[in-house]
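Below is one structure, written out as C-alpha cells; the observations come after it.
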Amino acid sequence: MLRRVLSIIKRTLYPFYFNLKCVNKERVRGLKMSPLYADGMILQCNKPLRIQGQACSGEWVTVRIAGHMQQTCCRSDGRWEVVLEAILPGGPFRMEVSTPKKQLVYKDVYAGEVWLCSGQSNMVVTMRNYLPENRDPNNRVPYRYFSLYPFAPTYPGKWAWGVNRCINRYRYISYTGWRECRSPFLGDLSAIAYYYGEELSSRLGIPVGLIVNPVGGTAEYCWIERHVLQQEFPEILSNWYENSRVTEWMKERAIENIGKSVPEQEQLHPYHPGYCYEVCIRPIKGYPIRGCIWFAGESSAQLNDSVQFERLQELLIRSWRTDWGECFPFNYVQLHGVNYENAFGKGTKYYYSEIREAQRKLLKKIPYVGMAVSYDLSVEDNVHFKNRRPMGERLARLALHYTYGQKDVVPCGPLPREAWLHENLIRIKFDFASGLQTSDGASVQTMKVAGADGKFYPADGRIEEEQLLVACPEVQSPCRVHYAFDAYPCQANLVNGDGLPAVAFEIEITQ
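Here the numbering used here is used: the first residue of the sequence shown is 22, the next is one more, and so on.
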C-alpha cells in the first residue's frame with residue numbers, strides 16, 4: 022500500500038521529480054552537456070551563441086570555439102551558461118568545454134542555420150517512402166540532422182514487455198547523433214523536414230542543421246510543460262481518461278498500447294499532458310536555434326472546441342519561447358483536409374475547418390509566426406498525404422521571406438485582409454495576391470456566405486484585379502464569408518501568381 026501511495030505521489034509530481042533526479046545525477050558525475058552537443062553538430066550562426074550545461078556546483082566552466090572563449094561559475098543548482106560572440110557561417114571548428122576535472126571536445130563542428138522540426142505524425146513520415154524518386158542533395162555545405170525518436174511508436178497494438186516501465190522512467194526517446202542528410206541516413210529523416218532544410222541550404226548557401234523530434238498522434242498539451250499547464254490550463258490535467266477535453270481515440274490508443282486501463286498516476290503514456298515536453302523538449306531546451314517548424318492539429322480535430330486548440334497552441338509557442346529566452350520564428354502548417362467518414366468510418370465527425378480557422382487567427386495574435394497551406398495536397402481517405410516536397414518548400418518560403426529577408430520570395434498564398442459590402446457585392450482584399458487567379462481557369466469554388474442567422478449558402482466568386490468579388494442572392498444582409506471551409510476542400514482553386522493556394526478562412530463582412 023505504501024509503495025502504491027509513493028508511486029502516485031511521484032507520478033503526480035513527475036516534472037519536479039524528473040528535474041531533481043537529473044540535477045542530482047550531474048552533481049555526482051560533473052560536467053555534462055545536452056545530447057545535441059556532439060561531433061558533427063551545427064551551431065546557430067550570426068547571433069550571440071548561448072551555451073548551457075551542467076556541472077558540479079561552484080566549478081568553473083570554460084568554453085572555447087572559433088577563437089572565442091568564455092568562463093563562468095556553475096550555479097548551486099548544478100547548471101551553468103555562457104554567451105559567446107556570434108560566429109559567422111562556416112567550419113569545421115573544434116569546440117572545447119572544460120572544468121578543472123573534465124574536458125569535453127567536439128570535432129567537425131559548423132556554424133549555420135539550425136531549426137527545430139516538431140509536431141505529430143505528418144512531421145514523422147520519413148524519406149524512406151520517397152527514396153526511389155530522390156537522389157542525395159548536391160549541397161556543397163554541410164546539411165545535417167539530429168533526430169530524437171520514440172523507441173516504441175504510438176501505433177495500434179500492445180507494447181512489448183518492459184516498454185511501460187521505460188516510459189514511466191522517461192526513457193522513451195533515442196538519439197541518432199548528428200548525421201548527414203544523404204544516404205545511407207536519409208531514409209530515417211522526416212520528409213517535410215528534409216525538403217525544408219534542402220530549400221534553405223540551396224537558397225542560403227550555408228550549413229543547415231535540423232533537430233527533428235515529432236511524436237505521432239500527440240496533441241498540443243503533450244508538448245507543454247506540466248507546471249505551465251497547471252497555471253494556464255489546469256482543466257486539461259484532471260483525470261485524463263475521463264476528461265471531455267481529451268480526444269476519445271487518444272484515450273483508446275493509450276489503453277491499447279499500455280495493455281489495460283490504469284490511472285495516469287500509475288502508468289504514463291506519451292499522450293498524457295506534458296509527457297513529450299519532458300522527453301523531447303527538456304533535453305534540448307536552450308540549444309541555440311533560429312526557429313521552429315511545426316505540423317500538428319489532427320489530434321485536436323475530433324473535439325468541437327477550436328477555442329481550446331487556439332489557447333493551447335498559443336501557450337505552446339509562448340512557453341517554448343520562454344524556455345529559449347527569445348521570440349524565435351515559429352512557422353506551422355494550416356491543417357490539411359480529409360473526408361473523415363472515408364478515413365475513419367461512417368458516423369465519425371471531425372472539425373478540420375474550425376482548427377484551420379483557429380490556426381489562421383493565431384497569425385494576428387502572436388508575433389513572428391507564419392502559416393503554410395496544405396489542403397490542396399490532401400488525399401480523401403488518409404490523413405498522411407503523399408506529396409511532401411511542396412509542404413517543405415512552402416515552410417521554407419516563410420523562413421526565407423520573413424526570417425532571412427528575401428523579399429523576392431513570396432511567403433504564402435493569398436491571405437485575407439478584410440471583407441466589405443459594396444453595391445450588393447462582397448469585396449475581399451488579400452495580401453500576397455499578385456497574379457490572383459484560379460488554378461484550373463474556372464470560377465472560384467467553395468465560397469459561402471452567411472447572414473445574422475449563421476446559416477451559410479453557396480456563393481459565386483470572381484476575380485477583379487487582386488480582389489475577390491462574391492455574390493450570394495440568398496443572403497440579403499451578409500455578415501460572414503468563408504472559403505475552403507469544408508473538412509476536405511478538394512475543389513478550392515484560388516491561388517496567386519506563384520501558384521500558392523489561398524489560406525482557408527472565415528471572416529466578418531463590414532458594411
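We treat Cβ as the ideally placed atom computed from N, Cα and C, and that holds for glycine.
The bridge partners DSSP lists for cysteine 493 come to none.
Within the stretch 199 to 225, the runs of alpha helix (DSSP H) that reach at least 4 residues and sit entirely inside it are, in chain order, 212 to 225. With fewer than 16 other Cβ atoms inside 10 Å of its own Cβ, threonine 343 counts as exposed. When DSSP reads this structure, valine 104 sits in a beta bridge with Arg71. Taken through DSSP and simplified to helix, strand or coil, glutamate 331 comes out as helix. Considering only Ser142, Leu442, Thr175, Ile86, the residue with the shortest C-alpha distance to leucine 289 is Thr175.
As the crow flies, the alpha-carbon of asparagine 325 is around 19 Å from that of serine 259. If only complete runs of 4 or more residues are kept, the stretch 244 to 270 shows the alpha helix (DSSP H) at 247 to 253, in order along the chain. Taking 8 Å as the cut-off, the beta carbon of tyrosine 292 is found closer than this to the beta carbon of alanine 275. The beta-carbon separation of cysteine 500 and alanine 480, rounded to 13 Å, does not stay under the 8 Å limit for a contact.
One thing to note: tyrosine 504 has its Cβ no nearer than 8 Å to the Cβ of phenylalanine 477.
The Cβ-Cβ distance between phenylalanine 172 and tyrosine 191 does not fall below 8 Å. Around the beta carbon of histidine 357, 16 or more other beta carbons lie within 10 angstroms, which makes this residue buried.
Per DSSP, glycine 413 lies in no beta strand (DSSP E); the unbroken alpha helix (DSSP H) holding it starts and ends at 410 to 419. Cβ-Cβ distances below 8 Å link glycine 346 to Arg71, Gly307 in the same chain, with the five nearest sequence neighbours on each side left out; the list follows chain order. When C-alpha distances from leucine 489 are compared across Val502, Ala473, Cys301, the shortest belongs to Val502. Within the DSSP bridge table, the entry for phenylalanine 316 names Gly140 as partners. For lysine 450, the enclosing beta strand (DSSP E) stretches over residues 446 to 452. Assigned with DSSP and collapsed to three states, glutamate 273 falls in helix. Setting aside the 5 residues that flank it on each side, alanine 322 is surrounded in the same chain by Tyr371, Tyr372, Tyr373, Ile376, each with a C-beta closer than 6 Å to its C-beta; the list follows chain order. Under the three-state reduction of DSSP, lysine 428 is assigned to coil, being neither helix nor strand.
Lysine 469: member of the beta strand (DSSP E) spanning 468 to 471, first to last residue. A direct Cα-Cα distance of roughly 7 Å separates arginine 483 from valine 491. Approximately 6 Å separates the beta-carbon atoms of glutamate 134 and isoleucine 227; this is inside 8 Å, confirming the contact. In the structure shown, glutamate 241 falls within a helical segment according to DSSP collapsed to helix, strand and coil. With a 10 Å radius around the Cβ and a threshold of 16 neighbouring Cβ atoms, threonine 369 comes out exposed.
Residue Leu416 holds the alpha-carbon nearest to the alpha-carbon of isoleucine 213 among Gly112, Lys68, Leu416, Cys95.
Rounded to whole angstroms, the separation of the alpha carbons of valine 524 and asparagine 445 is 24 Å.
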